Amino acid sequence: MSGSIDRSKLCAYVNILLLISFLAVVASSVVIWVVLPAGGLRGATFLGIRRGPWTDVHLVSGAVMAVLVVVHLTLHVDYLKTLPAIARR
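Sequential numbering from 12 applies to the sequence shown in my numbering.
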């Protein structure tokens, strides 16, 4: 299969993208709820960006993370099938 990516590289890329999306969700959460809380100063910004766009970043990065979690679990379905047997040991 020349030109196709091997499974371990795909897992690595998915994991890296999961980390990035997770960090974006965490960072945007802090900005939304701590730095620019609802009802705070009208017109306040963080890094020159108002609360609305930060909320968009939060929602989009969360949706990307959800999709990547599904891909991650799909890539590891064989391992997930062994978990009940591992738990019974």
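C-beta atoms are modelled at their ideal positions from N, C-alpha and C, and glycine is treated no differently. Here the structure is a predicted model, which is why all the values come from computation and not from measurement.
Residues in its own chain within less than 8 Å of residue i by CB, not counting five upstream and five downstream?
i     : result
Arg61 : Leu47, Gly54 and Ala55
Asn26 : His83
Leu28 : Val75 and Leu79
Leu30 : none
So what does residue i bridge to, in DSSP terms?
i     : result
Ile60 : Phe57
Apart from the five residues on each side of it in sequence, which residues of its chain come closer than 7 Å, Cβ to Cβ, to residue i?
i     : result
Ser32 : Ser72, Val75, Met76 and Leu79
Thr66 : Ile43
Determine the extent of the alpha helix (DSSP H) in which residue i is found, giving its start and end residues.
i     : result
Leu29 : Arg18 to Val41
Pro95 : Val88 to Arg99
Task: Stretch-stretch touch, CB-based, cutoff 8 Å, three pairs: the stretch 33-53 with the stretch 87-94 - done: no
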